[in-house]
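Asker: Residue numbering for the sequence shown follows the working numbering, starting at 3 and increasing by one per position.
Just dropping this structure here.
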Amino acid sequence: MKTKDIVLIALFAALTAVGGFLNIPTPTVPFSLQFLFCAYAGVLLGAKRAFLSQMLYLGIGLAGIPVFTKGGGIGYVFQPSFGFLLGFAVCSLIIGLIVGRDAKPGILKILAAVLLGLLATYAIGVLYLYFITNYMALPGKEIDLITAVKWGVAPFILFDMIKVVIVAVTSVKILPVLNRLN
């Protein structure tokens, strides 16, 4: 792996961490800009480097450095929102695979890729939220899958759709410039 690749992977891991600090706390999953940087990683870095950037972000946080919205450490796996962080790695991989090495992907291709990445993030995040909440719940406090969707998707869908559009519109302009620089 080239030095440039390592720097880009570290940069997008750092940007994802910064996106976590720019948040509005809620009881379950905070509003943040993490998805925005995760999606940009997929579009701009390609599948492998984007996935590695998100895995680096997860590794740093699980090692104890407080880069997640509510801190860090191995115990973070018991946070209901941790599944969304796992989803970011899959999301960036999916986006990178779809956009691929296309020198000039159209807005529809990028939009579709980012939407599929968001769907993967939601699927992994909601399932994790459902299982961890029920695993950690006191008897009688369990939730059903519909409640997990209400907690993990419904409040965020509009904000996330705005981020999807932002990534698609800006990436169409950014990618040709980056390709000329390479």
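Note that the Cβ used here is the ideal one computed from N, Cα and C, for glycine as well.
Here the structure is a predicted model, which is why all the values come from computation and not from measurement.
(1) Just how far apart, CA to CA, sit LEU183 and TYR132?
(2) Report the rounded CA-to-CA distance for LEU121 versus TYR130, giving the unit in angstroms.
(3) State the beta-bridge partners of PHE197 as determined by DSSP.
(4) Could you tell me which residues DSSP pairs with ASN25 in its beta bridges?
(5) What is the rounded straight-line gap between the Cα of VAL20 and the Cα of PHE70?
(6) Please look up how many angstroms separate the CB atoms of ILE16 and LYS165, rounded, as I've assumed it's under 8 Å.
(7) With 16 as the cutoff for other CB atoms within 10 Å, does PRO29 come out buried or exposed?
(8) Round the Cβ separation of ALA52 and GLY44 to the nearest angstrom and send it over; I've been treating them as touching at under 8 Å.
(9) Checking 9 Å against the spacing of the C-beta atoms, do PHE80 and GLY127 come in under that value?
(10) Does DSSP put ASP146 in a helix, in a strand, or in coil?
(11) Per DSSP, what kind of secondary structure is LEU47 in: helix, strand or coil?
(12) Whether or not the stretch 157 to 173 and the stretch 94 to 112 are in contact is what I'm after, with contact meaning three or more pairs of Cβ atoms, one per stretch, closer than 8 Å; do they touch?
(13) What residues in its chain sit with their C-beta under 8 Å from that of LEU58, if we drop five residues either side in the sequence?
Answerer: Reading from the atomic positions:
(1) Position 181 of the sequence shown, counted from the start, is the residue given in the question as residue 183. Position 130 of the sequence shown, counted from the start, is the residue given in the question as residue 132. So the alpha carbons of these two residues sit roughly 45 Å apart.
(2) Position 119 of the sequence shown, counting from 1, holds the residue named residue 121. Position 128 of the sequence shown, counting from 1, holds the residue named residue 130. Rounded to the nearest angstrom, the two C-alpha atoms are 14 Å apart.
(3) Here the chain has residues from 3 to 184 only, and residue 197 is not among them.
(4) Position 23 of the sequence shown, counting from 1, holds the residue named residue 25. Looking at the DSSP assignment, ASN25 forms a beta bridge with SER34.
(5) Numbered from its first residue, the sequence shown carries residue 20 at position 18. Numbered from its first residue, the sequence shown carries residue 70 at position 68. Approximately 9 Å between the Cα atoms of the pair.
(6) As a working mapping, residue 16 is identified with position 14 in the sequence shown. As a working mapping, residue 165 is identified with position 163 in the sequence shown. Residue 16 is actually Ala in this sequence, not Ile. Incorrect: roughly 18 Å between the Cβ atoms, too far for contact.
(7) Here residue 29 corresponds to residue number 27 of the sequence shown, with the count starting at 1. Classification for PRO29: exposed.
(8) Here residue 52 is taken as the residue at index 50 of the sequence shown, counted from 1. Here residue 44 is taken as the residue at index 42 of the sequence shown, counted from 1. Going by Cβ atoms, the distance from ALA52 to GLY44 rounds to 4 Å, so yes, they are a contact pair.
(9) As a working mapping, residue 80 is identified with position 78 in the sequence shown. As a working mapping, residue 127 is identified with position 125 in the sequence shown. Not in contact: PHE80 and GLY127 (Cβ atoms no closer than 9 Å).
(10) The sequence position of residue 146 within the sequence shown is 144, counting from 1. Residue state, collapsed to three classes: coil.
(11) Reading the sequence shown from its first residue, position 45 is the one you call residue 47. Helix, per DSSP.
(12) yes
(13) Against the sequence shown, residue 58 aligns to sequence position 56. Result list for LEU58: ILE11, ALA12 and ALA15, in chain order.
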